[in-house]
Amino acid sequence: MSNSPDIVYLDYAATTPVDKRVIARMQEVQATAFANAASSHAAGRQSLDVVTSSARQLGALLNVDPDALLWTSGATESNNLAILGAVRHRAHRGKHLVTMRTEHKAVVDVFKELEKQGFAVTWLSPGDDGRVRPEVLADVLRDDTQLVSIMHINNETGIVQDIESLGSVCREHNVLFHVDAAQSVGKVHLDLQALPVDLLSLTGHKIYGPNGIGALYVSSRPGVHIEPLMWGGGQQRRLRPGTLPVDLIAGLGIAAEIAAAVIDDEYSRLAILRETLWHGIRAIDGVHVNGDLNNGYPGILNVGIDNVEGESLLLALEPLCVATGSACNSQSQEPSTVLRAMGRSDLQAQSAIRFSFGRQTRPADVKFAAETYRSAIERLRGIAPERAT
Amino acid sequence: MSSDPYNAMVREYFAAPQHAGDLEGAAIGYFSDQGMQIRLAATVEGERITTMRFRAWGCPYVIAAAEATCRRFEGRPVAALEEFATAQIMQELAVPIEKTGRILVLEDTVRSLGQAIRDSA
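In order, the protein sequences belong to chains A and B. Sequential numbering of the first sequence, starting at 19, is according to the working numbering. Sequential numbering of the second sequence, starting at 841, is according to the working numbering.
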C-alpha cells in the first residue's frame, strides 16, 4: 500500500495500514467465532475465548492484568469514558481538572464540555521544548483537583511527555492521572505495572490493527473508578455495555502481539528514516522542526517553513500523503492549536507538514519525500512575489 | 461527487502555470492581504495586451485563478481590464464558497494593472 505508483504514504500517525496477519486473524474469527460473546452456549463461549485471549495479548504489551482493560470503539471513546467517567465518579471531591493546550481534540473537547458544565479547567502550556515540567504541574494542583489528563506522544509533533514524573506528582497529590496513549502504545515500551498511570486510552488503527476498536486501561488501584457513559447491558462490568465486536478485538489482540515483537527494531529503524528525511531538507532556507529531534518519537517529523502557503504546499507535495498544520483533520483550515500553543504564528502553523513513518516506509520513500519537499518549496517560492509574507 | 477538492483545471494551472514570472518594463498591478498576494504584469502594444505574467502567494485557487486571468487577457484590449469580473473564472475553477473572497481580490489587482497601464501611457 505505501508505495503504489500513485502515492507515497507518510501519514502513519493518522492511521496505519492493517497488517496482513491481522486481516487473516480477523477473517478466521469472523468465520469461526461469530457468536455473541455474552451467550452462555458453546458458540458464545468460543467467542468469549477469543476475547479473553486477545485481552491477554494486549495486556502483555502493556504489562497489565487483562481484566483491567475495557474494549471501546477507539481512542476518542476511551478518552471520553476515562475523563467523563472518572469525573462523574469523583464529583463530590471537587470540580478542578488539569490538561494541556497541546492535547488531541478528543481530550480538549471533553474538557471544554466539562467547563460548560461548571468545572474549572487549568490549561497548561508547554515549555519551549513542548513538554510540561512536573513542577509546573505540581504548582497548579489544588485540594479540589480530581483529574489530570496529559497525552504521552503528541500526534502532531512527536513530543514525548514524561508521564512517569507527571504521574508521580499526581500520586503525591492523590489526583487521578489519565494518559492518551493513542500514539505511543505499540511504539514505545509502556509498563503499566511500573508507571503511575490510572487510566490510559489506546486505539487499534495506530498499531496496524483495525479501525473501530480501542481500549481503556483502568487501574485496579484503590480509588480508581469510573462511571459508565452508556447503559444497555451487563457487558464489561456494565462500564461499557454493548455486544463485543469479537473480530475487531481479535484484530487488536494480534496487532498488539506483533507490535510487542518488533517494537525495538522498529523504533531504531524509524530513527534512521527520520534522520534521513531531516538531513535531506534541513538546508532549505527557513525550514525548522516543530518538535524535538533529540527526545521526540522518531516516527513523526513535523517541519515548518517560512514564506510558503500551507495549502499550496500540501498540493505541491503530491503524491506524498502527509498531514498539514491545519488541525488534525484535513477538513479544517484552522491553524493547529498544538503549534499555536508552541508559539508558532498562524501562517507558520498552516505551512507545517507532518511526515509520519511506519513499518512499510523504506529509505527510498523518505529520500523521495525530501526531494519532493525541496522541489515544492523551490517551485512555490519561484511563483511568489518578492514581498511574499 | 468527487472527494478531490480541486478540479482538473485547478490542478493543471497550479502544477504547470505557463504565465508565472516577470516581464521587463511591464506595468504592474499588485494586491496584498493576509493570506494572499498577487502581482500582475503586462506589456502593451497600442491598445492591446501582448504579454501577461503573474506572481502569487496563496492557496491553489489563487495561483490557478492568476494563471487563468493571464490566459484570458493576452491579446485582448486594455479596456477589457476595466470590465473584468471573476465570476466566470470562479465557476471554471469550481472555487468553494469559503474561498471566493480570495479570488474576488483579483478584480482589484486587474483594475490596479489597468490604472498602471494608463499611468505609463
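Positions of the beta carbon are idealized from the N, C-alpha and C atoms, including for glycine.
query                                                                                                                       : result
Contact belief for A/L218 with A/V197 at Cβ below 8 Å, rounded distance in angstroms                                        : 5 Å
Beta carbon proximity, B/C910 to chain A, threshold 8 Å                                                                     : no
Cβ shell of A/H191 (< 6 Å), same chain only, five flanking positions each side left out                                     : L159
Interface flag, A/S330 vs chain B, CB-CB below 8 Å                                                                          : yes
Three-state secondary structure (DSSP) of A/P144                                                                            : coil
Chain-ordered neighbours of A/P144 on chain B, where CB pairs are closer than 9 Å                                           : None at all; the shortest Cβ gap to chain B is about 26 Å.
CA-to-CA distance, A/A341 to A/N229, given in whole angstroms                                                               : 19 Å
Reduced DSSP category for A/C339 - H, G, I as helix; E, B as strand; rest coil                                              : strand
Residue-level contact to chain B via CB, A/E182, 8 Å cutoff                                                                 : no
When A/S354, A/A279 and A/F375 are compared against A/A78, the one with the closest alpha-carbon                            : A/A279
Chain A within 8 Å of B/I929, Cβ atoms only                                                                                 : no
Neighbour-count burial assignment, B/P900, 16 or more Cβ in a 10 Å radius                                                   : buried
Inter-residue spacing [alpha-carbon to alpha-carbon] between A/S348 and B/S960                                              : For A/S348, the predicted structure reports a pLDDT of 45, less than 50, and the residue's modelled location is therefore unreliable. The matter cannot be settled from this model.
Integer Cβ distance of A/R399 from A/N325, believed to fall under 8 Å                                                       : 7 Å
Interfacial residues, the region 862–883 of chain B to chain A, with Cβ spacing under 9 Å                                   : Y870, S872, Q874, G875, M876, Q877, I878 and R879
Below-8 Å beta-carbon distance, B/A919 vs any chain A residue                                                               : no
Rounded C-alpha distance that separates A/A345 from A/S369                                                                  : Any reading at A/A345 must be qualified, since the residue scores a pLDDT of 46, below 50, and its modelled position is unreliable; no value is offered.
Beta-carbon contacts of A/S71 that lie in its chain and below 7 Å, excluding the five residues immediately before and after : G271
Contacts of B/R895 in chain A (Cβ-Cβ under 7 Å)                                                                             : I401, A402 and P403
Assigned exposure category for A/D29 - 16 Cβ within 10 Å defines buried                                                     : buried
Minimum Cβ-Cβ distance from A/E389 to chain B less than 8 Å                                                                 : no
Distance, A/S58 Cα to A/A156 Cα                                                                                             : 49 Å
Local conformation of B/A860 per DSSP, three classes                                                                        : strand
7 Å Cβ shell around A/H179 - same chain, five flanking residues per side excluded                                           : In the sequence as presented, His is not what sits at residue 179 of chain A; that position holds Gln. Same-chain partners within the cutoff: R149, V150, I168, M169 and H170.
Distance between A/G227 and B/R951 (C-alpha atoms, nearest Å)                                                               : 57 Å
Short CB-CB distance (under 8 Å) between B/F913 and chain A                                                                 : no
Complete beta strand (DSSP E) runs within the region 42–127 of chain A (minimum length 3 residues, chain order)             : 87–90 and 114–118
Neighbour list for B/G898 in chain A, Cβ cutoff strictly below 8 Å                                                          : E327 and S330
Contact list for B/F854 against chain A, beta-carbon separation under 9 Å                                                   : S330, L333 and A334
With 16 other Cβ atoms within 10 Å as the buried cut-off, status of A/T261                                                  : exposed
Distance between A/L220 and A/R106 (C-alpha atoms, nearest Å)                                                               : 21 Å
Whole-angstrom C-beta distance between A/Y235 and A/L213, which should lie under 8 Å                                        : In fact, because the Cβ distance is near 10 Å, the residues do not count as touching under 8 Å.
Top-ranked residue by Cα proximity to A/G232, from A/M248, A/D216 and A/A268                                                : A/A268
Other residues of its chain near A/V139: CB distance less than 6 Å, five sequence neighbours each side excluded             : L115, F129 and E133
Under 8 Å by beta carbon: chain A residues contacting B/A860                                                                : G400 and I401
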